[in-house]
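Report on one structure; see the data block that follows.
In the working numbering, the protein residues as written are 1 to 381.
So this is what it looks like as structure tokens:
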């Protein structure tokens with residue numbers, strides 16, 4: 001898909017140039033008089049352009065992938081999870097820069113305010129940034145071990161294939177869905193264990209159940225209970241346990257990508273209607289706890305959190321999609337895409353809580369106010 005476009009950049013370059021021409025040569029900043037005063041506004045102008053190119057306000061939708069992946073395999077976030085978050089952020093931003101580089105000719109017609117067609121960022125600089133960010137993401141994934149590097153390499157290949165070719169084909173939504181699916185699996189793989197010379201053997205530190213940790217009086221030999229807990233703590237964890245959660249996130253991404261293909265021209269009622277039906281089904285599916293013995297004794301607060309996260313997902317994604325279906329104009333279609341992007345955060349939180357990590361879900365939801373605050377300065381669409 002073509003990632004959502006940002007709003008027009010702030011004006012003011014002519015004013016800056018005029019102020020600079022009018023300033024006397026003797027007006028220098030600092031006690032030593034070593035730098036012209038207008039350099040600071042110019043720096044802010046450049047930073048603003050890069051923030052638009054990289055859609056920095058959408059970055060808060062990325063860390064939840066790794067946290068949900070860790071929760072899906074029953075692990076607490078650790079160093080591997082942090083490395084996966086860093087790799088995901090780099091690869092996500094690489095995709096943003098590469099997307100605008102690949103679409104620079106089309107944007108010159110449809111979105112001349114974008115950083116590249118407006119001349120605020122050179123095409124070569126955007127392409128170089130995409131390459132450097134990809135390399136940084138793969139390097140971080142390599143620190144998490146060979147399995148994580150393999151997943152990250154597949155993710156990077158999917159991102160580049162999408163931006164350079166697939167987004168203009170019918171396979172575009174599927175490619176973007178595959179990228180998000182791989183991103184959650186990257187978090188699960190990096191957390192599960194690295195199996196490398198650093199001493200990580202790929203075994204789990206799964207928390208024992210309450211029944212095992214605190215046996216009822218007269219329930220048996222405490223020594224045998226302790227042995228069983230110790231054995232459960234060394235059971236190998238397969239990242240494939242995170243596949244159901246990854247597919248749910250991928251399904252949401254597919255729905256949002258299908259809508260985003262019409263954000264420039266609008267006119268499609270079927271796409272937002274189909275996405276609305278998909279998000280409703282996903283919200284209902286996520287709200288039901290994953291079956292399993294470890295989830296049967298979940299308390300009411302955990303269940304309420306899961307319901308709240310699923311409700312937040314539906315409230316964030318649903319209304320904008322309904323509005324776009326009723327009036328498929330470009331502004332409302334773009335708003336629906338923005339709502340779908342923001343809805344990824346409560347969806348990730350619900351997936352973490354569904355897997356038994358209520359604290360992980362709360363941590364992910366903590367990103368919502370940060371994303372909302374930054375979105376007021378740099379729109380994610």
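We put the CB at the ideal spot given by N, CA and C, even for glycine.
| Cβ-based neighbour list, residue 92, same chain, cut-off 6 Å, excluding 5 preceding and 5 following | 62
| Can you check whether the CB of residue 187 is closer than 8 Å to the CB of residue 81? | yes
| query | Any idea if residue 346 is buried or exposed, counting beta-carbon neighbours within 10 angstroms, 16 or more meaning buried? | reply | buried
| query | So, using beta-carbon positions, are residue 283 and residue 313 closer together than 8 Å? | reply | yes
| field | Top-ranked residue by Cα proximity to residue 261, from 67, 328, 360 and 116 | value | 328
| The alpha helix (DSSP H) spanning residue 134 covers which residue range? | 123-143
| request: Using beta-carbon positions only, say whether residue 357 and residue 175 come within less than 8 Å of one another. | output: no
| Quick one, which of 263, 368, 249 and 258 has its alpha-carbon nearest residue 66's? | 249
| field | Inter-residue Cα distance where the pair is residue 285 and residue 161 | value | 31 Å
| Thinking C-alpha only, which one of 133, 185, 275 and 170 is nearest residue 96? | 133
| said: Could you check whether the segment 166-173 touches the segment 46-57, counting it as contact only if at least three pairs of C-beta atoms, one from each stretch, sit closer than 8 Å? | reply: no
| task | Output the boundary residues of the alpha helix (DSSP H) element that contains residue 262. | result | Careful: residue 262 lies outside any alpha helix (DSSP H) and carries neither H nor E.
| said: When you compare the CB positions of residue 367 and residue 86, do they come within less than 8 Å of one another, or not? | reply: no
| query | Looking only at C-alpha atoms, which of 125, 240 and 363 sits nearest to residue 192? | reply | 240
| request: Report the option in 375, 378, 342 and 376 whose CA atom is closest to the CA atom of residue 364. | output: 342
| query | Should residue 350 and residue 360 be called a contact, given that it needs their Cβ atoms to be closer than 8 Å? | reply | no
| For the alpha helix (DSSP H) that residue 345 lies in, which residues bound it at each end? | 344-354
| said: Please identify the residue among 170, 41, 46 and 58 whose C-alpha is closest to the C-alpha of residue 369. | reply: 58
| Same chain only: Cβ atoms within 8 Å of residue 117, ignoring 5 sequence neighbours per side | 104, 107, 108 and 111
| 6 Å Cβ shell around residue 434 - same chain, five flanking residues per side excluded | As shown, the chain starts at 1 and ends at 381. That puts residue 434 outside it, with no answer to give.
| If we ignore side chains and look at the alpha-carbon of each, how far apart do residue 155 and residue 237 end up? | 21 Å
| Test item: CB-CB of residue 94 and residue 137 under 8 Å | yes
| CB of residue 148 within 8 Å of CB of residue 178, strictly | no
| message | Please report the distance separating the alpha-carbon of residue 172 from that of residue 373. | response | 30 Å
| field | Simplified DSSP state of residue 167, which is helix, strand or coil | value | helix
| field | Nearest residue (CA-CA) to residue 157, options 130, 170, 143 and 145 | value | 130
| field | Own chain residues within Cβ distance below 7 Å of residue 88, not counting five before or after | value | 62, 65, 66, 183 and 186
| task | Could you tell me the boundaries of the alpha helix (DSSP H) in which residue 109 lies? | result | 104-110
| request: On a CA-only basis, which of 77, 114 and 101 is nearest residue 378? Give me that one, please. | output: 114
| Taking the C-alpha atoms as reference points, what is the distance between residue 141 and residue 326? | 43 Å
| request: With DSSP as the reference, label residue 173 as helix, strand or coil. | output: helix
| message | Do residue 259 and residue 159 count as a contact pair if the criterion is CB distance below 8 Å? | response | no
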